[in-house]
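J.: Let me give you the structure first, and then I'll get to my questions.
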Amino acid sequence: MAKNITKRDEDYSEWYLDVIRAAELADYAPVRGCMVVRPTGYALWEHVQEQFDRRFKETGHVNAYFPLLIPHSFLEKEAKHVEGFAPECAVVTHAGGEELEEPLVVRPTSETIIGHMYSKWVQSWRDLPILINQWCNVMRWEKRPRLFLRTSEFLWQEGHTAHATREEAVEETLRMLEVYREVMEDELALPVIPGEKTEGERFPGADNTYTCETMMSDRKALQAGTSHFLGQNFAKAFDIQFQSEAGQLEYAWTTSWGASTRLIGALVMTHSDDDGLVLPPRVAPTQVVILPLSNDQGRMDEILLPRAREVEARLNGVLGPRRVLIDTQFHLRPADRFFHHLQRGVPLRLELGERELEEGTLRYVRRDTGEKGSFPLDRAAEEVPALLGRIQRDLHAKALKFRQDNTHEVSSFAEFQEVLASSGGFITGYFGGSKEDERAIKEATGATPRCFPLADQRTGKCFYTGQEGARRVIFAKAY
RNA sequence: CGGGGUGUAGCGCAGUCUGGUUAGCGCGCUUGGUUCGGGACCAAGAGGUCGGAGGUUCAAAUCCUCUCACCCCGACCA
Numbered sequence: 010m011a012k013n014i015t016k017r018d019e020d021y022s023e024w025y026l027d028v029i030r031a032a033e034l035a036d037y038a039p040v041r042g043c044m045v046v047r048p049t050g051y052a053l054w055e056h057v058q059e060q061f062d063r064r065f066k067e068t069g070h071v072n073a074y075f076p077l078l079i080p081h082s083f084l085e086k087e088a089k090h091v092e093g094f095a096p097e098c099a100v101v102t103h104a105g106g107e108e109l110e111e112p113l114v115v116r117p118t119s120e121t122i123i124g125h126m127y128s129k130w131v132q133s134w135r136d137l138p139i140l141i142n143q144w145c146n147v148m149r150w151e152k153r154p155r156l157f158l159r160t161s162e163f164l165w166q167e168g169h170t171a172h173a174t175r176e177e178a179v180e181e182t183l184r185m186l187e188v189y190r191e192v193m194e195d196e197l198a199l200p201v202i203p204g205e206k207t208e209g210e211r212f213p214g215a216d217n218t219y220t221c222e223t224m225m226s227d228r229k230a231l232q233a234g235t236s237h238f239l240g241q242n243f244a245k246a247f248d249i250q251f252q253s254e255a256g257q258l259e260y261a262w263t264t265s266w267g268a269s270t271r272l273i274g275a276l277v278m279t280h281s282d283d284d285g286l287v288l289p290p291r292v293a294p295t296q297v298v299i300l301p302l303s304n305d306q307g308r309m310d311e312i313l314l315p316r317a318r319e320v321e322a323r324l325n326g327v328l329g330p331r332r333v334l335i336d337t338q339f340h341l342r343p344a345d346r347f348f349h350h351l352q353r354g355v356p357l358r359l360e361l362g363e364r365e366l367e368e369g370t371l372r373y374v375r376r377d378t379g380e381k382g383s384f385p386l387d388r389a390a391e392e393v394p395a396l397l398g399r400i401q402r403d404l405h406a407k408a409l410k411f412r413q414d415n416t417h418e419v420s421s422f423a424e425f426q427e428v429l430a431s432s433g434g435f436i437t438g439y440f441g442g443s444k445e446d447e448r449a450i451k452e453a454t455g456a457t458p459r460c461f462p463l464a465d466q467r468t469g470k471c472f473y474t475g476q477e478g479a480r481r482v483i484f485a486k487a488y
């Protein structure tokens, strides 16, 4: 077992940080709450990005880039927005050796500056919709930073769209929520619950916020991505007006949606174990590591290594470039080489030693289950993709089962408190309470409403207020 | 911002209460050797302004004052 990683049962926070350190995903930066995303972590992010970006483009969006600095006055144009974000903004007051006339905010999100630009770009109904995404960094001076989950600066994408009608904007909001769901489920193997946020959990300035909620292996919830229907709030604040087909001057309807490097934290906390990182193959920077094994350096160089390169070339043909690594750390003993890749979450290990050479086979070991087996060497191009596919599905199924096993139905607040205290996890039921009720429940139990799941439209008696006709809800303690 | 804790080698720690030669230990790292299919062993090494500043003292990792940083639990949040 890993000797450099705290056991998950012993101290979940320590375990989480140990896994990240051992896998070399990130390191602490000299500035509070900031992190350095190390090459392995960044490669992982690039794979996540790629999956989103492809789908954004498939749904008609284009990428652009807006500036990092935003005039402070922009933030103040939308009342709820400034209230929500001003406390956590970093502000630039000096530049060029002089005090600035107007302080500049380091963007915490870009609705304001993009709204400002859209007002210049939109005049006619023919200018709509605008479907823009940007990949960038943002800064939120959170009180309690945590690697990947809540860093002062983080990387994300933010989509900002403007539409002529309310219906179109709502449709866009839900379409992008579905894109998030698909990437998270199919690529990251994260079972998520798409749902609508309660009033108390809404994005500052939004009419409605949708979310993909996911359960970590300590049974706490993590908001993995959000999609906001902004109504005409930002259009009115920034004067995004257009003349309709009928000649009327109208405000546009806007949306925004974002997903961040927090997803890497979600990957760690969903799939990893006491040995370290476990990654779903589809986003793992290295999907397969080949280990030539021999005590004889001459045979290694002349026979095993060339053979390993042949296998690599064949796998490159089916997996795409740079997903296969040949381990050449010949100064290490085999056990050390195993652990090296184990801790970095490489989904599949292939061993090519003297035995395999003799038999004409490859031995494989799955990272997620430890399952071992072998197949004929010349079957690698068929067997490896099949194994990776199984790993991907099994990781998702395992996480889904964990969530199901840790989801409990309640019908009263007493039951709610009892379940939360004894088993934690997701609590389902009906909820029709107010913002004040949400606050009271949070103060009493630490749990918050995560969402009203879109997939379950039943109504019933509220577990808190007792009123009928309440919606299905999920409560949980959250990150 | 409230509560708790920690700063000594890359990482984890001992030493601090009770001041006293050259500041230790484990892991890791370097070199050599024996090993080698799930975290080996032997030997020799490298690596420290003890978080920072000031003070007390013949003498400070150790005592005093101030300060900074980080971690954990809350409130706030992608």
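If you're matching positions, the first sequence starts at 10 in my numbering and goes up one per residue.
Heads up, the beta-carbon is just placed ideally off N, CA and C, and yes, glycines get one too.
Any chance the region 148 to 162 sits against the region 186 to 196, with 3 or more Cβ pairs inside 8 Å?
T.: These segments do not touch.
J.: Between the region 26 to 45 and the region 109 to 118, do at least 3 Cβ pairs fall closer than 8 Å?
T.: no
J.: Quick one: what does DSSP say Leu164 is sitting in, helix, strand or coil?
T.: Here residue 164 is taken as the residue at index 155 of the first sequence, counted from 1. Correct three-state label for Leu164: strand.
J.: Pop quiz: Ala178 and Thr264 are said to be a contact at Cβ under 8 Å. What is the actual Cβ separation, rounded to whole angstroms?
T.: Along the first sequence, read from residue 1 onward, the residue named residue 178 stands at position 169. Along the first sequence, read from residue 1 onward, the residue named residue 264 stands at position 255. The Cβ separation is near 5 Å, so the contact holds.
J.: Is it the case that the Cβ atoms of Gly204 and Leu34 are separated by a distance below 8 Å?
T.: Mapped onto the first sequence, residue 204 falls at position 195. Mapped onto the first sequence, residue 34 falls at position 25. The beta carbons of Gly204 and Leu34 sit no closer together than 8 Å.
J.: At which residue ranges does the region 252 to 323 contain complete alpha helix (DSSP H) runs of 4 or more residues, listed in the order of the chain?
T.: For the region 252 to 323, whole alpha helix (DSSP H) runs of length 4 or above, ordered along the chain, are 271 to 280.
J.: Give the range of the alpha helix (DSSP H) segment to which Leu231 is assigned.
T.: Reading the first sequence from its first residue, position 222 is the one you call residue 231. Per DSSP, Leu231 belongs to no alpha helix (DSSP H); it is in the beta strand (DSSP E), 230 to 238.
J.: Report the residue ranges of all alpha helix (DSSP H) runs contained in full by the region 393 to 455; include only those spanning at least 4 residues, in chain order.
T.: Listed in chain order, the complete alpha helix (DSSP H) runs (minimum 4 residues) inside the region 393 to 455 are 422 to 431, 444 to 454.
J.: Considering only residues of the same chain and omitting the five flanking positions on each side of Pro343, which have a CB-CB separation below 8 Å?
T.: Within the first sequence, residue 343 is the residue found at index 334, counting from 1. Excluding sequence neighbours, Pro343 sits near Leu300, Leu302.
J.: Quick check: the Cα distance between Arg184 and Arg448, rounded to an integer number of angstroms?
T.: Taking the first residue of the first sequence as 1, we reach residue 184 at position 175. Taking the first residue of the first sequence as 1, we reach residue 448 at position 439. One C-alpha to the other measures close to 30 Å.
J.: Taking Ile139 as part of the beta strand (DSSP E), name the residues at either end of that continuous run.
T.: Translated into the one-based positions of the first sequence, residue 139 becomes position 130. Residues 139 to 148.
J.: In terms of DSSP beta bridges, what is Ile79 paired with?
T.: In the first sequence, residue 79 corresponds to position 70, counting from 1. According to DSSP, which records beta bridges pairwise, Ile79 is partnered with Val114.
J.: Leaving aside the five residues before and after Glu108 along the sequence, list all residues of the same chain whose C-beta is less than 8 Å from its C-beta, in chain order.
T.: Against the first sequence, residue 108 aligns to sequence position 99. If we look at Glu108 and ignore the five residues flanking it on each side, its Cβ neighbours are Thr102.
J.: To the nearest angstrom, how far is the alpha carbon of Ser421 from that of Val320?
T.: As a position in the first sequence, residue 421 is number 412, starting the count at 1. As a position in the first sequence, residue 320 is number 311, starting the count at 1. Near 60 Å, if we compare the C-alpha coordinates of Val320 and Ser421.
J.: Take Phe212 and list the residues in its own chain whose beta-carbon comes closer than 7 Å to its own, dropping the five residues that flank it on each side.
T.: In the first sequence, residue 212 corresponds to position 203, counting from 1. Same-chain partners within the cutoff: Thr218, Thr235, His237.
J.: Give me the Cα-Cα distance between Pro200 and Val419, rounded to the nearest whole angstrom.
T.: Here the question's residue 200 lines up with position 191 in the first sequence. Here the question's residue 419 lines up with position 410 in the first sequence. If you take the alpha carbons of Pro200 and Val419, they lie about 22 Å apart.
J.: Residues in its own chain within less than 8 Å of Met126 by CB, not counting five upstream and five downstream?
T.: Reading the first sequence from its first residue, position 117 is the one you call residue 126. Around Met126: Phe75.
J.: Is Gln338 buried or exposed, if buried means 16 or more other CB atoms sit within 10 Å of its CB?
T.: By 1-based counting over the first sequence, the position of residue 338 is 329. Exposed, because fewer than 16 other Cβ atoms sit within 10 Å of the Cβ of Gln338.
J.: Taking buried to mean at least 16 other C-beta atoms within 10 Å of its own C-beta, is Glu456 buried or exposed?
T.: Residue 456 sits at position 447 when you count from the first residue of the first sequence. Per the sequence shown, residue 456 should be read as Ala rather than Glu. So Ala456 ends up on the buried side.
J.: Helix or strand or just coil, what does DSSP make of Glu187?
T.: As a position in the first sequence, residue 187 is number 178, starting the count at 1. Looking at Glu187 - three-state DSSP - the assignment turns out to be helix.
J.: Express the C-alpha separation of Arg376 and Thr295 in angstroms, rounding to a whole number.
T.: Position 286 of the first sequence, counting from 1, holds the residue named residue 295. Position 367 of the first sequence, counting from 1, holds the residue named residue 376. Straight across, the Cα-Cα distance linking Thr295 with Arg376 is about 12 Å.
J.: Between Val131 and Ala261, which are expected to be in contact by the criterion C-beta below 8 Å, what is the C-beta distance as a whole number of angstroms?
T.: Position 122 of the first sequence, counted from the start, is the residue given in the question as residue 131. Position 252 of the first sequence, counted from the start, is the residue given in the question as residue 261. Yes, Val131 and Ala261 are in contact; Cβ-Cβ is about 6 Å, under 8 Å.
J.: Mind reading off the beta-carbon distance from Arg372 to Glu360? Whole number of angstroms is fine, and I expect it under 8 Å.
T.: Reading the first sequence from its first residue, position 363 is the one you call residue 372. Reading the first sequence from its first residue, position 351 is the one you call residue 360. Correct: roughly 4 Å between the Cβ atoms.
J.: Going by CA-CA distance only, name the one from Leu158, Ala171, Ser432 that's closest to Thr121.
T.: On the first sequence, residue 121 is found 112 positions in, with the first residue counted as 1. Residue Ala171 is the option with its Cα nearest to Thr121.
J.: How would you label Pro385, buried or exposed, when you count the other beta carbons within 10 angstroms and need 16 or more for buried?
T.: As a first step, residue 385 is located in the first sequence; it is residue number 376 there, counting from the start. By the 10 Å Cβ count, Pro385 comes out exposed.
J.: For Gly379, name the three-state secondary structure that DSSP assigns.
T.: By 1-based counting over the first sequence, the position of residue 379 is 370. Coil.
J.: The beta strand (DSSP E) with His103 in it runs from where to where?
T.: The residue you call residue 103 lines up with position 94 of the first sequence. That run of the beta strand (DSSP E) goes 100 to 104.
J.: Which same chain residues end up closer than 7 Å to Arg332 when comparing Cβ atoms and leaving out the 5 residues on each side of it in sequence?
T.: Within the first sequence, residue 332 is the residue found at index 323, counting from 1. Once the five neighbours on either side are set aside, the close Cβ partners of Arg332 are Thr295, Gln296, Val297.
J.: Just the C-alpha distance for Phe425 and Ala390, rounded to the nearest angstrom, thanks.
T.: Taking the first residue of the first sequence as position 1, residue 425 is located at position 416. Taking the first residue of the first sequence as position 1, residue 390 is located at position 381. Going by the C-alpha atoms only, they are around 51 Å apart.
J.: Using C-beta distances below 7 Å, list every residue in its chain close to Ala479, excluding the 5 sequence neighbours before and after it, in chain order.
T.: Here residue 479 is taken as the residue at index 470 of the first sequence, counted from 1. Cβ neighbours of Ala479 beyond the five flanking positions: Tyr439, Phe440, Gly441, Thr468, Gly469, Lys470, Cys471.
J.: Tell me the DSSP secondary structure of Thr207 in three-state form.
T.: Numbered from 1 along the first sequence, position 198 holds the residue referred to as residue 207. The answer is coil: DSSP assigns Thr207 none of H, G, I, E or B.
J.: Can you list, in chain order, the stretches of the beta strand (DSSP E) that have 3 or more residues and sit fully within the region 335 to 382?
T.: 357 to 362, 370 to 375
J.: Please go through the same chain and pick out, in chain order, the residues whose beta-carbon is closer than 7 Å to the beta-carbon of Ala95, but skip the five residues on each side of it.
T.: Within the first sequence, the letter at position 86 stands for residue 95. Result list for Ala95: Leu84, in chain order.
J.: For Ala230, does the count of other Cβ atoms within 10 angstroms reach 16, so buried, or fall short, so exposed?
T.: The residue given as residue 230 occupies position 221 in the first sequence. Answer is buried; the Cβ neighbour count reaches 16.
J.: Report back the beta-carbon spacing between Ala198 and Leu404 to the nearest angstrom; my notes put them in contact at under 8 Å.
T.: Along the first sequence, read from residue 1 onward, the residue named residue 198 stands at position 189. Along the first sequence, read from residue 1 onward, the residue named residue 404 stands at position 395. Correct: roughly 4 Å between the Cβ atoms.
J.: Look up Glu19 in the DSSP assignment and say whether it is helix, strand or coil.
T.: Sequence index remark: in the first sequence, residue 19 carries index 10 (1-based). Reduced to three states, the DSSP call for Glu19 is coil.
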